[in-house]
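In our numbering, the protein residues as written are 16 to 917.
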Amino acid sequence: MSEESVQVAVRMRVFNGREKEAGATRIVRMEQLLKGSKTYITNPETGAEKVFEYDYSFQTFDENDTSAGQYASQETVFETLGRPVMVSALEGRNVCLFAYGQTGAGKSFSMLGKPDQPGIIPRTCNAIFDRVAEESDPCYEHCVSIQVVEIYCEQINDLLANRKTWPDHGHKPYLTNHGYVVDTVKKPCFQYSDINEAFTFADGNRSVGSHALNPESSRAHTIYTISYERKKRAGGANGKVIETVVAKLNLVDLAGSERTSVAHTAGQMLKEGNAINLSLTALGSCIKSLSEGKKPQFRDSKLTLLLQGSMTNGRVIMIAALSPASICFDETMSTLRFADRIKQVKIKVSKNVTLDPVADIKKAMEEMKAQMQAEIDMLIAKGGGHGHEKSEEDDQLKAKLKEQQEEAEQMRLAYENRLRELTETADDRHKAAADIKDMQSKALGGASLTNKADIKVPHLRNLHEDPRLCETLLYTFKEGTTLIGRGGSDKAPDMEFNGMGIIRNHAEVKWQDGTVIITPGPRSRSLVNGRPIEGATELKHNFRLWLGNNYAFRFVYPGKEAHGDPQFGSDGPDYAFAEQEIAHNASLDIDVPAAQNMPKETLIMLSEALKKVEQANMIAKDLGRNTEFEVKMFKNRVSGQDDVAVTVKSGKGVCTWRWEKFEVKLSKFAIEWQRWERSEAANARYEPLKGEKDDPFVDNDPQLVGEADVWLQSLANMMEFDCDAPVISINSTTEGYAKVSLLPCDANGGTGPWEDDDPMDPFVDEPIELLETTIKFKVKISAVVFDTNKTGSICPYSNVWCRYVFDNQWTETPPVKGTTFNPNVGFEKEHSLYVDEKALEFLKTGRMILQVYADVRENPTSDEVEEEPDPELDAEIEKKKKILADLEKEVAQKRRLLAALL
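Right, here's the structure in full:
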């Protein structure tokens, strides 16, 4: 068994449309060395250049730009990374190849590519079959199969299966002697076209799912597992298996690794953001542990659990996808640092070669049974005892016992399946492949995966935010009437859609005398070119059609292109255009100033918000929840940009969610809606989740009460500053104020008072005197005072806490327990800052953002509220405190004078 380092490659793509519109410049260049490579990145603000060293650096920015580095084509990347992967697999070594980087950095292009520029995955699979075809010895049999799973919100979905058969909470991994696996469709493949069909179906299945549930495609991980096995039989093709060589290729297209915005990098917001991409966080932790020689916690996420076998026994290769643009500096730097860390990991690599595999499996089964039985017996023994104090421990032991028994059964089934695989014939595998193909042909609700160019009749092509999934599903119209709607126990529609906002008899389309007319059903939601339709509407080439909440299509009429929408060329409209025109038409109905003059990016953001909020309302209605969601636009006080939030109205009251929180909630709503939809399809009773912990509509998280600005100008002269900073809610109402002080510190951390000409006094006459020095100061938050005119006579806020951002870092205060209009925060913290020109300008003109959070109780009663302090008494106390502080300053002054005289 040898030990190898993880191989790391970085790849730089071309500018995308957004980067070109922003006038971005290239800040990345690459250099190939005799051994390894270097990647340089320049900070666009300071001009400082940092260098990283990796195994490979691929420049796909510009073939003619030699200053960017040596150009690398898809073929170059495959020959460098993919072919060694293929050779390792054929020798019986596990391989894990994954792509990492922010959304849109080019991960999918490297892994999957385009039809005319295939990526590593299709090229590697093709090469495996080329090598298999060269085998002429009849004693050897080669078996190749593929599994494709998607991990979204810690739920494992089988992309090669009919979505209607998916378990409610996804597939559960179970342990085998080769690591954790999932029992999903494993399609036998006999030639590369079989693999390609699996890719096509998986893409179509992802498209159907994203239209139905609208998950963020960039936040889902996709794992393509290629299983390779070479069997050697004694005496020819029908003899006993005497040797097996087994390998797994885990080819992973990871979710976008967005760097969390500075506005949401601490506390509750960070927890919410990690709820969606927990797997990336866990992967980073496992890699860090491996690089430090510590035991990784693979069980922290489904992704790391499935990759455990490859990451602890096999070759691991990572492609870090980079944007070259100056506007993506932070995200690119984050990706480069992650890649730099993973290259330090070393992994043991062994060949999976087994002599007499049947005997080995039987022996392993016996050992497994003995081990599991011993563990079960031990748990049973621990479960003994008497007394009420052991009841909780007994429950935990019973749960552990049940888990062990389930794992034992899963391992038994896994070994039995392995025995079956060793004895199955080629005919058995061909039959299994045919059964899978038959199942898949009925799984996409009338969609065709046919080549687009081969369709000569009017049809719909799906639009998707992910370019790879765009136009992967084709729905053809027949002459006469085509019915569109939700499936059910009665006659199925010609085009079946089961997503949000789709009803039975949703619409019908008539193709007659060269004209295609769509007529929406009663109470259905259908839009043509961004506008709702209520009656018969003609469809013309390149028209945009929306069905329900999420299904977006481009109508294509071969032969009638000249009669279509004239504003498009041969490519037609994309998903962003279809969303933007909805927002343009819908913005008049929203309380948004100057909606018609919004920038394009803001309009797209608004369109996405409208669509997702409408989806949340549909889910609430379907599930019978008395909750309503509305879009709210506001000016983000941290970024200064237009932003969206969501107002939530329920029977308990009204609150506002930040968009990040709403997205996390929406993903949970969608999973719960999926449970409801399966119950409806099976004519079974839907059982809502019980308990506040599991119910996604229950919100017990602290709410953002408002934000306050604390201007830093006093620190430019190192002067003390006290203020009552108004706390402004997201609805632009003043909820109260925060009592905040900025206290300059001397070299010893003291805050004075200082005498005139005291060398310890940090005061400066001119801010320029602070340049190229390190200053110290304290931020003090004394209290928060809520406005009783706004809240009413009974305070709805409890457990109040604050957080503030300075130098891109958030600081949180402990919560103030209880309920009061005047929570005494009593918090202070010392900060230090190196003052360069940028920092000096920030001190002179910048501000510190302070946020106030609290548990918000709807309709509180008077007996829940603590007794309020007397305002007049509070004022008297503050007055006495000020007199005392003045006396202390006077005493200190006289002591220094006395010391000078002596």
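Where a beta carbon is used, it is the ideal one built from N, C-alpha and C, also for glycine.
- For a cut-off of 8 Å, the C-beta gap from I517 to G563 is around 4 Å, short enough to register as a contact.
- Here DSSP, grouped into helix, strand and coil, assigns V472 to coil.
- Between A441 and K202, the CB-CB gap reaches or exceeds 8 Å.
- Leaving aside the five residues that flank I136 on each side, the residues in its chain whose CB is nearer than 7 Å to its CB run, in chain order, M126, L127, Y239, L266.
- In the three-state scheme derived from DSSP, where H, G and I count as helix and E and B as strand, T835 is classed as coil.
- Under the 10 Å beta carbon count, Q22 is surrounded by 16 or more other beta carbons and is classified as buried.
- According to DSSP, H236 shares a beta bridge with I166.
- Short of 6 Å from the beta carbon of T57, and not among the five residues preceding or following it, lie these beta carbons of its own chain, in chain order: I42, E64.
- Counted as a single uninterrupted DSSP element, the beta strand (DSSP E) harbouring G668 occupies residues 668-673.
- Under the criterion of beta carbons closer than 8 Å, A213 and V163 qualify as touching, at roughly 6 Å.
- Membership of K53 in the beta strand (DSSP E) is indicated by the continuous run 52-57.
- Here E596 has G545 as same chain residues with Cβ atoms under 6 Å from its own Cβ, once five neighbours each way along the sequence are excluded.
- Here V820 is actually not in contact with I790; their C-beta atoms are around 18 Å apart, not less than 8 Å.
- The three-state secondary structure of L727, taken from DSSP, is coil.
- Annotation for E307: no beta strand (DSSP E) segment contains it, and DSSP assigns it neither H nor E.
- The region 743-754 and the region 792-809 touch, with three or more beta-carbon pairs separated by less than 8 Å.
- Between V659 and F644, the CB-CB gap reaches or exceeds 8 Å.
- For C485, no alpha helix (DSSP H) run applies, since DSSP gives it neither H nor E.
- Counting only runs of 4+ residues, the alpha helix (DSSP H) found wholly inside the region 308-353 occupies 317-327, in chain order.
- Under the three-pair Cβ rule at 8 Å, the region 354-364 does not count as touching the region 85-95.
- One alpha carbon belongs to M733, the other to E34, and they sit about 40 Å apart.
- Between the C-alpha atoms of T860 and V794 there is a straight-line separation of about 18 Å.
- Taking each of A176, P768, Y207 in turn and checking the Cα distance to V197, the smallest one comes out for A176.
- Cα atoms of I334 and K844: separation of roughly 41 Å, rounded to the nearest angstrom.
- Here the alpha carbons of G324 and K310 stand approximately 14 Å from one another.
- Close CB contacts of C817 within its chain, under the 8 Å cut and outside five residues either way in sequence, are with A753, I796, V799, E827, T828, V840, F842, L865, Q866, V867, Y868 (chain order).
- Across the structure, H445 and S208 are spaced so that their CA atoms are roughly 14 Å apart.
- In the structure shown, G460 adopts coil according to DSSP, grouped into three states.
- For A522, the enclosing beta strand (DSSP E) begins and ends at 522-527.
- When only Cα atoms are considered, V524 and E549 end up about 14 Å apart.
- The bridge partners DSSP lists for Q866 are E722, R818.
- In this structure, D315 lies away from S338, with their beta-carbon atoms at least 8 Å apart.
- By the neighbour-count criterion, in which a residue is buried when 16 or more other Cβ atoms sit within 10 angstroms of its Cβ, L49 is exposed.
- Measuring C-alpha to C-alpha distances from N520 to each of I532, R540, Q527, G529 identifies R540 as the nearest.
- Annotated three-state conformation of T642 is strand, per DSSP.
- The Cβ neighbour count for T530, taken over all protein chains shown within 10 Å, is under 16; the residue is labelled exposed.
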